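Quick notes on the structure that follows.
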Amino acid sequence: LEGLSLRRPTATHCAEVGKALAQLHLAGADFSMTRPNALAIDGWRKLWDAARDRADEVEPGLAAEVDADFADFERNWPKDLPQGIIHADLFPDNVFFLGEKLSGLIDFYFACDDLYAYDVATCLNAWCFEKDFSFNLTKGKALLAGYQSVRPLSDQEKAALPMLARGSALRFMLTRLYDWLTVPDGGLVMKRDPTEYIRRMRFHRAIKSPSEYGLA
């Protein structure tokens, strides 16, 4: 596979990712094999049960914050949305580019059956935030426009984006938190600071309308 992954993607790269993600969703629509998402809400709960007692060591008040999120998700998580095969981990290190053109996607380890819009939400988290934790609206617009140029989101999918994005942020925060608290220094697993995704969770919690992500 030719190309390189990017450390500082632009809005043009985000548009390419949106298009490729939608193409992936359409291409897998008639794929007959299924694989449940092991890191859906039930999987998050197992990670949280293992890490909760020490969560406030990372950020005071985090345990209560995440408990409230779980209560919300377990009552209101969207279920009746289009779904099929998703990548579930389409971060910049899993996408190759030749210049501004996307040349390929890699690492389908977490690929599974789940909501297409959840995959979109994960890409918003992975591609559209800056190092200061701010959401880059230009990148968000580009990614969503790229996706919708291939597969338009339904009104229900658009309305669900804030919750799906918050859930996606929680999923990646929890895997990082679990590793941060349980993996010994110098272990084989690379520990990543969960703070980055705590900030994303809080951003999504404050969203009042999906238009704040750049949806037209």
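For the sequence shown, the positions run 1 to 216 when my numbering is used. Backbone N, C-alpha and C fix where the C-beta goes; we use that ideal spot for every residue, glycine too. Bear in mind the structure is a predicted one, so any value in this text is a computation, not a measurement.
Given that a residue counts as buried once 16 or more other Cβ atoms are within 10 Å of its Cβ, and exposed if not, what is Y109?
For the purposes of this step, residue 109 is taken as the residue at position 109 of the sequence shown. Classification for Y109: exposed.
Counting only the same chain and skipping the five closest in sequence on each side, list residues whose C-beta sits under 7 Å from that of R205.
Along the sequence shown, read from residue 1 onward, the residue named residue 205 stands at position 205. Around R205: R166.
Residues in the same chain with beta-carbon distance under 7 Å from G140, minus the five sequence neighbours each way, listed in chain order, please.
Taking the first residue of the sequence shown as position 1, residue 140 is located at position 140. Excluding sequence neighbours, G140 sits near L124, C128, Y213 and G214.
For R151 and A22, believed in contact at Cβ under 8 Å, the rounded distance:
Walking along the sequence shown from the start, residue 22 turns up at place 22. Walking along the sequence shown from the start, residue 151 turns up at place 151. So it is a contact: roughly 4 Å between Cβ atoms.
Same chain, Cβ closer than 7 Å to V225, five either side skipped, listed in chain order
The first residue shown for the chain is 1 and the last is 216, placing residue 225 beyond what the model contains.
Cross-strand partners of V95 (DSSP beta bridge)
As a first step, residue 95 must be located in the sequence shown, where it is residue number 95. Paired residue(s): L105.
Which of helix, strand or coil DSSP assigns to C123:
In the sequence shown, counting from the first residue as 1, residue 123 sits at position 123. In the three-state reduction of the DSSP assignment, C123 falls in the helix class.
If we count the other Cβ atoms within 10 Å of its Cβ and call it buried at 16 or more, is S209 buried or exposed?
Locating residue 209 in the sequence shown gives position 209, where the first residue counts as 1. Counting C-beta atoms within 10 angstroms of its own C-beta, S209 has fewer than 16 neighbours from the protein chains shown and is therefore classed as exposed.
In the region 134–209, which residue ranges form an unbroken alpha helix (DSSP H) of at least 4 residues, counting only runs that do not cross its ends?
Here the runs fully enclosed are 137–148, 155–182 and 195–205.
Drop a sphere of 10 angstroms on the beta-carbon of G99, count the other beta-carbons inside from all chains shown, and report buried for 16 or more, exposed for fewer.
To locate residue 99, count along the sequence shown from 1; it is residue 99. By the C-beta density criterion, G99 is exposed, having fewer than 16 other C-beta atoms within 10 angstroms.
With contact counted as at least three CB pairs below 8 Å, one residue from each stretch, are the region 34–48 and the region 144–158 in contact?
Note that the region 34–48 does not touch the region 144–158; fewer than 3 beta-carbon pairs, one per stretch, sit closer than 8 Å.
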